[in-house]
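Protein sequence lines, in the order shown, are assigned to chains A and B. Counting with this note's numbering, you get residues 32 to 262 for the letters of the first sequence. Counting with this note's numbering, you get residues 32 to 262 for the letters of the second sequence. Beta carbons are placed, not taken as given, at the ideal position from N, Cα and C, and that holds for glycine. Model, not experiment: these values are computed from the prediction. Contents: one structure, followed by commentary.
There are 2 protein chains.
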Amino acid sequence: MEDHIVRSFDGELGRLHDQVVRMGAMASHQFAEAIDALEQQDSTRAAAVGPGDDDIDALERAISEQAVRVLALRSPVAVDLRAVITALKMASTVERVGDYAASIARRSMVLNGLPPLPPVRPLLRMARLTQRLLDDALAAYATRDADKAHAVWACDKEIDDQYASLFRQLLTFMMEDPRTIAASSHLLFIAKHVERVGDLSTNIGEMAYYLVTGHPMNGQRPKGNFATGEE
Amino acid sequence: MEDHIVRSFDGELGRLHDQVVRMGAMASHQFAEAIDALEQQDSTRAAAVGPGDDDIDALERAISEQAVRVLALRSPVAVDLRAVITALKMASTVERVGDYAASIARRSMVLNGLPPLPPVRPLLRMARLTQRLLDDALAAYATRDADKAHAVWACDKEIDDQYASLFRQLLTFMMEDPRTIAASSHLLFIAKHVERVGDLSTNIGEMAYYLVTGHPMNGQRPKGNFATGEE
Numbered sequence: 032m033e034d035h036i037v038r039s040f041d042g043e044l045g046r047l048h049d050q051v052v053r054m055g056a057m058a059s060h061q062f063a064e065a066i067d068a069l070e071q072q073d074s075t076r077a078a079a080v081g082p083g084d085d086d087i088d089a090l091e092r093a094i095s096e097q098a099v100r101v102l103a104l105r106s107p108v109a110v111d112l113r114a115v116i117t118a119l120k121m122a123s124t125v126e127r128v129g130d131y132a133a134s135i136a137r138r139s140m141v142l143n144g145l146p147p148l149p150p151v152r153p154l155l156r157m158a159r160l161t162q163r164l165l166d167d168a169l170a171a172y173a174t175r176d177a178d179k180a181h182a183v184w185a186c187d188k189e190i191d192d193q194y195a196s197l198f199r200q201l202l203t204f205m206m207e208d209p210r211t212i213a214a215s216s217h218l219l220f221i222a223k224h225v226e227r228v229g230d231l232s233t234n235i236g237e238m239a240y241y242l243v244t245g246h247p248m249n250g251q252r253p254k255g256n257f258a259t260g261e262e
Numbered sequence: 032m033e034d035h036i037v038r039s040f041d042g043e044l045g046r047l048h049d050q051v052v053r054m055g056a057m058a059s060h061q062f063a064e065a066i067d068a069l070e071q072q073d074s075t076r077a078a079a080v081g082p083g084d085d086d087i088d089a090l091e092r093a094i095s096e097q098a099v100r101v102l103a104l105r106s107p108v109a110v111d112l113r114a115v116i117t118a119l120k121m122a123s124t125v126e127r128v129g130d131y132a133a134s135i136a137r138r139s140m141v142l143n144g145l146p147p148l149p150p151v152r153p154l155l156r157m158a159r160l161t162q163r164l165l166d167d168a169l170a171a172y173a174t175r176d177a178d179k180a181h182a183v184w185a186c187d188k189e190i191d192d193q194y195a196s197l198f199r200q201l202l203t204f205m206m207e208d209p210r211t212i213a214a215s216s217h218l219l220f221i222a223k224h225v226e227r228v229g230d231l232s233t234n235i236g237e238m239a240y241y242l243v244t245g246h247p248m249n250g251q252r253p254k255g256n257f258a259t260g261e262e
């Protein structure tokens, strides 16, 4: 009988884990779609990102309710308690990735109505790197891989550096051709959103590391110039 | 003996609540300092905001550890479980308010080195309104006042509208005088940070409401144009 209770608890924790993994895959897909829509100037594709974000928000609420239910009914301790708390924090972080993806998609639609467009190549490069970081962080959580989680942590500086360089480029571009100011402003925000997704990926890596090892990552994270502790 | 255990539990929950209230007061103070430093172009004052944010981050970690300890040792249910979960979520949200305050302060220091400065009056007006909303939301949590929490929820649209207007004004300003582009770009981000603090205040109001009533606020929140679900 006790064995049965334990197994059912494993099932609930497993379901919570699976829901978070699914939510992560949805947010990663949303981010990829938003960047593809930006690259291809495809407003139809961008318009599909918003409704997808509602699904992510709904899944976050479901995970939060499920976590509270497990806490109330099972009173987990030790590694199981850590798994529930991490699921709660993961859901909240992944939800913000989804919000940024939706915001990038919305701004890309505004951009499509605002020629002439400033160069987006360096932004796309930065976004692809961020996508890799996000996917690695989510994989580290899904497979409970502390080494992979730690690798994500060290990589965010490259994104911060690319962001700082892009910020300067966009300002120069605006000064040289003031007709691009509206479009460039939206690109500034998109670049910032991408940089924030990089930060959130690092946070996801930290959560995965804590989940597996039971203690926080040590040391100061390497950070770029403008991004220290930045929202 | 059981009475003693119950009272000690009340003490732990009370301490958790007090810590969140203190963290909220710190973040509110940081936000006020950042806005004052911006208004007075006072880089010394702005420079003091960053170290304060480290204290807020440390308090968030302490609250998170305390919450996990209460969950592990006391296995709270019903309203007590809700209080612990809300404390966790509050700490994470208030920490982001602190991050935005630090970012505003950092950017205000950059601004002080970048004349000529675009007009900041409408931004300051928006920031003062946001401060009131933030403080009302924190008070609703501190005093467990569902009516006050609900009032915050309805007020965020005004901030969103002011942000949308300010965004247009700043773009116009940049186009008319391209020498202000660098300064205006930082002001755009500051304005966005303030708008986000408004959103987070609404989230705090929602958490306070849920804590008191046990169910989420009903209905669709009134939102401004550009800010729907935006990060």
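From Ala109/A, Asp41/A and Val225/A, residue whose alpha carbon lies closest to that of alanine 103/B: Ala109/A
Mind checking if serine 59/B is an interface residue toward chain A, Cβ cutoff 8 Å exclusive? no
Would a check of beta-carbon distances place valine 99/B closer than 8 Å to chain A? yes
Per-residue contacts from valine 108/A into chain B (C-beta, under 7 Å): Ala103
For arginine 156/A, collect the residues of the same chain with a Cβ closer than 8 Å to its Cβ; drop the 5 residues on either side in sequence, then sort them by chain order. Gln193
Quick check: what's the CA-CA separation for glutamate 33/B versus arginine 46/B? Its pLDDT being 47, under 50, glutamate 33/B is placed unreliably by the model, and nothing is read from it.
Can you check the region 48-102 of chain A for any alpha helix (DSSP H) of at least 4 residues that lies completely inside it and give the ranges in chain order? 74-78
Drop a sphere of 10 angstroms on the beta-carbon of proline 247/A, count the other beta-carbons inside from all chains shown, and report buried for 16 or more, exposed for fewer. exposed
Would you mind telling me which residues of chain A sit closer than 8 Å to alanine 214/B, beta carbon to beta carbon, in chain order? Going along chain A, no residue has its Cβ under 8 Å from alanine 214/B, so there is no contact; the nearest lies around 10 Å.
Quick one: which chain A residues come within Cβ less than 9 Å of isoleucine 190/B? Here the premise fails: no neighbours, minimum Cβ distance about 16 Å.
Cβ-based burial, glycine 83/B [other Cβ within 10 Å; buried from 16]: buried
Contacting residues, own chain, Cβ-Cβ under 6 Å from glutamate 64/B (five flanking each side not counted): Val80
Mind reading off the beta-carbon distance from alanine 177/A to aspartate 167/A? Whole number of angstroms is fine, and I expect it under 8 Å. The Cβ separation is near 13 Å, so there is no contact.
Note down, in chain order, each residue of its chain lying with its Cβ closer than 8 Å to the Cβ of threonine 259/B, except the 5 sequence neighbours on either side. Per-residue confidence for threonine 259/B stands at a pLDDT of 39, beneath the threshold of 50, marking its modelled position as unreliable; the derived number appears in the next sentence. Taken in chain order, the list of residues that qualify is empty.
Cβ-based neighbour list, threonine 124/A, same chain, cut-off 8 Å, excluding 5 preceding and 5 following: Leu231, Asn234, Ile235 and Met238
For the region 186-205 of chain A and the region 210-223 of chain B, state whether three or more C-beta atom pairs, one from each stretch, are separated by less than 8 Å. yes
Proximal residues of chain A, C-beta to C-beta of serine 123/B below 8 Å: Lys120 and Ser123
So, do the region 51-70 of chain A and the region 158-173 of chain A have three or more beta carbon pairs nearer to each other than 8 Å? yes
How would you call glycine 245/B, buried or exposed, if buried means at least 16 neighbouring beta carbons within 10 angstroms? exposed
Taking 8 Å as the threshold (beta carbon to beta carbon), is valine 243/B in contact with chain A? no
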